[in-house]
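Q:
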Amino acid sequence: MSQTRVVVVGSANMDLVAMAPSLPRLGETMLGTDFVMVPGGKGANQAVAAARAGASCAFLGAIGSDAFGVTLKARITAAGVDTAQLRVVYGTSGVALVMVNAQGENAIVVTPGANDALVGLTDEELATVRGADVLVAQLEIPVQTVTAAATAARAAGTRVILNAAPARDLPPELLAAVDLLVVNEGEAQALTGRGRDEPRALLDLVPRAVLTHGGEGAWYVDRDGADVHVPAFRVDVVDSTAAGDAFTGALAVGWGEGRDLVDAVRWASAAGAACVRRLGASVALPQRAEIDELYARD
């Protein structure tokens with residue numbers, strides 16, 4: 001089997017992660033228990049997740065000319081991701097301030113920085129998109145850039161996965177290019193006005209969708225009539241920060257390798273479960289062997 005080619009277009013941030021017994025209330029100062037500084041951003045995370053899950057992966061994004069940008073490119077490249085077309089723009093890189101409590105729940109503030117400058121895809125970038133088996137995109141970069149990438153992918157026969165996070169209004173031309181939508185309950189609510197009890201409402205927008213809900217698992221639906229609940233794998237949760245990114249990256253790999261989508265969702269669920277066992281974002285994204293080990297559980 002040839003290696004699946006995944007292209008991810010999206011954000012790259014430096015994540016500043018602090019752990020504490022609980023998340024502070026408004027105006028409260030709290031002593032933390034641990035701190036890590038690791039590469040993040042949904043785009044970079046999903047690119048690393050896809051590479052570790054076994055894909056040949058290229059990342060299209062933008063970093064700043066600051067020290068964070070230097071570190072981001074080095075770390076993403078070291079994870080096995082092709083960063084040859086990662087743009088460097090003058091100014092600050094994206095930064096995420098992440099607080100994690102003892103239960104692994106988090107609160108996050110993101111400042112986009114260079115990510116907002118990722119506009120006007122070049123001919124070379126569009127050619128990279130067209131050469132992929134699967135394109136993965138999110139919404140932490142300008143939506144017109146996501147639309148341009150998805151439209152180019154659709155015209156070339158490349159499958160398009162959109163992780164519609166953070167939730168925002170989606171233009172019709174973007175929805176028309178999406179093969180598979182991945183959202184959590186809050187994002188589904190924002191898009192359709194309905195939540196996990198009605199995942200099929202997402203099919204008014206796209207032909208296939210996955211609705212994730214943390215420890216309760218994921219639901220896969222499509223216009224051919226599928227409506228399948230995939231239970232979550234039970235693990236000890238340390239930090240849920242990048243679980244959704246691990247899921248989406250692995251889902252792209254599984255689908256690109258020829259798994260049917262229900263099986264690909266189950267394999268991706270194993271990736272998400274493997275991720276939450278460690279602190280941090282990109283550093284917690286699992287290798288393929290870890291995914292396969294959890295997937296093999298009954």
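The UniProt record's numbering puts the first residue of the sequence shown at 1, with every later residue one more than the last. Think of the CB as a built atom: it goes at the ideal place given N, C-alpha and C, for glycine as much as any other residue.
1. Going by alpha carbons, who is nearest to A232 out of Y220, D224, G225?
2. Can you grab the Cα-Cα spacing for the pair T158 / L205, in whole Å?
3. Please name the residue, chosen from R154, G256, A201, C57, that lies closest to R130 on a Cα-to-Cα basis.
4. Going by DSSP in three states, N106 sits in which element: helix, strand or coil?
5. Write down every uninterrupted run of the beta strand (DSSP E) in the region 14-56 whose length is 3 residues or greater and which is fully enclosed by it, in chain order.
6. Assuming contact is defined by CB atoms lying nearer than 9 angstroms, are G80 and T4 in contact in what I supplied?
7. So, I161 versus A188, is the Cβ gap smaller than 9 angstroms?
8. Three-state secondary structure (DSSP) at A226?
9. Quick one: measure Cβ to Cβ for A268 and P286, integer angstroms, because I've assumed they're closer than 8 angstroms.
10. Which residue or residues does DSSP assign as beta-bridge partners of S177?
11. Helix or strand or just coil, what does DSSP make of R161?
12. Alpha carbon to alpha carbon, how far is M30 from V178? Give it in angstroms, no decimals.
13. Are G10 and F59 touching if we call contact CB-CB under 9 angstroms?
A: Considering the structure as presented:
1. Reading the sequence shown from its first residue, position 232 is the one you call residue 232. Ranking Y220, D224, G225 by Cα distance to A232 puts Y220 first.
2. Locating residue 158 in the sequence shown gives position 158, where the first residue counts as 1. Locating residue 205 in the sequence shown gives position 205, where the first residue counts as 1. Taking the straight line joining both Cα atoms gives about 19 angstroms.
3. Residue 130 sits at position 130 when you count from the first residue of the sequence shown. Taking only the C-alpha atoms, the option nearest R130 is R154.
4. Position 106 of the sequence shown holds residue 106. Three-state DSSP puts N106 in a strand.
5. 34-40
6. Here residue 80 is taken as the residue at index 80 of the sequence shown, counted from 1. Here residue 4 is taken as the residue at index 4 of the sequence shown, counted from 1. No, they are not a contact pair.
7. What you label residue 161 is simply residue 161 of the sequence shown in a count that begins at 1. What you label residue 188 is simply residue 188 of the sequence shown in a count that begins at 1. No, these two residues do not count as a Cβ contact at 9 angstroms.
8. Against the sequence shown, residue 226 aligns to sequence position 226. Correct three-state label for A226: coil.
9. Working through the sequence shown from its first residue, we reach residue 268 at position 268. Working through the sequence shown from its first residue, we reach residue 286 at position 286. Actually they do not touch by this definition, with Cβ atoms about 11 angstroms apart.
10. Sequence index remark: in the sequence shown, residue 177 carries index 177 (1-based). First, the amino acid is wrong: residue 177 is Ala here, not Ser. DSSP output for A177 lists no bridge partner at all.
11. Here residue 161 refers to the residue found at position 161 of the sequence shown. Contrary to the premise, residue 161 reads as Ile rather than Arg in this sequence. Note: I161 maps to strand in three-state DSSP.
12. Within the sequence shown, the letter at position 178 stands for residue 178. Within the sequence shown, the letter at position 30 stands for residue 30. Using only the alpha carbons, I get a separation of about 43 angstroms.
13. Here residue 10 refers to the residue found at position 10 when the sequence shown is read from its first residue. Here residue 59 refers to the residue found at position 59 when the sequence shown is read from its first residue. Yes.
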